[in-house]
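Here numbering that gives the first Met the number 0 is used: the first residue of the sequence shown is 0, the next is one more, and so on.
Beta carbons are placed, not taken as given, at the ideal position from N, Cα and C, and that holds for glycine.
Just so we're clear, the structure is a prediction, and the values are computed from it rather than from any experiment.
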Amino acid sequence: MNTPSKRSVSLVLGSGGARGLAHIGVIQWLEEHHFDIQSISGCSIGALVGGIYAADKLDEFQHWVKAISKGNIVSLLDFSWRSTGLVKGDRIIETLTELVGDVLIEDLPIKYTAIAADIGREKEIWMNSGKLFDAIRASISLPLFFTPVEYKGGHLIDGGVLNPVPIAPTFSDPTELKIAVNLGADVDKTINLAVQLPAHKAEDVSFTNKIQQFIAEMTSSDESPEVKSIDAFDIANQAFDAMQSTISRQKLAAYPPDHTIDIARNACGTLEFDRAEEMIALGYAKAEQCLKTLL
Numbered sequence: 000m001n002t003p004s005k006r007s008v009s010l011v012l013g014s015g016g017a018r019g020l021a022h023i024g025v026i027q028w029l030e031e032h033h034f035d036i037q038s039i040s041g042c043s044i045g046a047l048v049g050g051i052y053a054a055d056k057l058d059e060f061q062h063w064v065k066a067i068s069k070g071n072i073v074s075l076l077d078f079s080w081r082s083t084g085l086v087k088g089d090r091i092i093e094t095l096t097e098l099v100g101d102v103l104i105e106d107l108p109i110k111y112t113a114i115a116a117d118i119g120r121e122k123e124i125w126m127n128s129g130k131l132f133d134a135i136r137a138s139i140s141l142p143l144f145f146t147p148v149e150y151k152g153g154h155l156i157d158g159g160v161l162n163p164v165p166i167a168p169t170f171s172d173p174t175e176l177k178i179a180v181n182l183g184a185d186v187d188k189t190i191n192l193a194v195q196l197p198a199h200k201a202e203d204v205s206f207t208n209k210i211q212q213f214i215a216e217m218t219s220s221d222e223s224p225e226v227k228s229i230d231a232f233d234i235a236n237q238a239f240d241a242m243q244s245t246i247s248r249q250k251l252a253a254y255p256p257d258h259t260i261d262i263a264r265n266a267c268g269t270l271e272f273d274r275a276e277e278m279i280a281l282g283y284a285k286a287e288q289c290l291k292t293l294l
């Protein structure tokens with residue numbers, strides 16, 4: 000039997016907090032069905048997942064994020080209490096750099112672009128060179144939550160402010176298909192995350208214990224910060240989601256990809272990274288639903 004030839008893909012991974020763990024499921028579906036991802040353009044969580052995939056460390060990241068509990072999430076937040084943002088973000092980036100490695104974008108085997116927003120100059124910044132996690136840190140700078148990143152005399156925040164589904168960096172790609180994952184799709188009142196999840200294997204439990212220990216070692220030197228109410232940030236995040244959803248519809252209408260995979264913006268909360276397994280399975284299922292005709 001002949002092995003089917005792989006179809007080349009430019010993959011656009013959108014912004015949307017923990018919903019972006021669905022990107023992992025989409026990538027898994029594409030790989031399992033013989034698609035060749037040659038280019039990634041990502042914003043915020045899309046830049047994070049896409050960059051780690053481009054560095055060939057997605058399996059390690061998947062194990063890591065599946066092992067995270069709500070307590071772990073809090074321990075990874077280095078609270079700054081500055082007026083510019085609640086969290087510095089250094090601890091998260093250091094943890095992920097330990098996991099993935101200190102990689103340069105120009106050394107990645109596939110084309111990669113992370114999108115951030117220069118809020119002072121009101122323009123997108125396409126980051127496609129330099130340290131991978133410098134670009135990711137800029138792209139994930141959710142307003143009010145993460146402190147902005149200083150860059151060439153300006154300040155960078157989450158690229159989703161201007162372009163939550165960054166298709167433009169893929170325009171010049173010589174690939175056969177452009178596939179976008181939109182995390183800001185309309186609210187789905189019937190959404191059901193009770194999907195079939197794979198049973199945990201014994202080695203997964205062992206790996207989970209190692210991850211828990213790893214996080215504890217990374218954070219043991221600091222005292223736990225006083226936990227304050229973040230109701231205001233919940234409201235801000237809902238407003239941010241609504242804004243991104245509107246911008247996404249406009250961008251996708253103006254520059255439609257060949258296929259769009261929609262993830263409802265109520266699929267999970269912005270910081271619910273402890274629901275990784277559900278979101279990965281949801282991404283896989285949505286990819287199957289949207290792209291099966293390509294087979």
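Here the C-alpha atom of G13 lies approximately 5 Å from the C-alpha atom of C42.
The shortest CA-to-CA distance from F272 to any of A46, Y150, I72 is the one to I72. Per the coordinates, the alpha-carbon of L29 lies some 11 Å from the alpha-carbon of G282. Annotation: the continuous beta strand (DSSP E) that includes I114 extends over 110-117. Looking at R264, I260, D257, the one whose alpha-carbon comes closest to that of N236 is R264.
The beta carbon of L131 sits closer than 6 Å to those of G50, V102, I104, all from its chain and outside the five residues before and after it, given in chain order.
Secondary structure within the segment 38-72: the alpha helix (DSSP H) runs of 4 or more consecutive residues, fully enclosed, are 44-53, 57-65 (chain order). Comparing alpha carbon positions, the residue from D185, K110, F239, I91 closest to L161 is F239. Fully contained in the segment 143-173 are the following beta strand (DSSP E) runs of length 3 or more, in chain order: 143-145, 148-150, 153-157.
Between A266 and R6, the gap from beta carbon to beta carbon reaches 7 Å or more. In this structure R136 does not touch G100 by the C-beta definition: roughly 15 Å separates them, more than the 8 Å allowed. With a 10 Å radius around the Cβ and a threshold of 16 neighbouring Cβ atoms, T174 comes out buried. A straight line joining the alpha-carbon of A167 with that of P255 spans about 10 Å.
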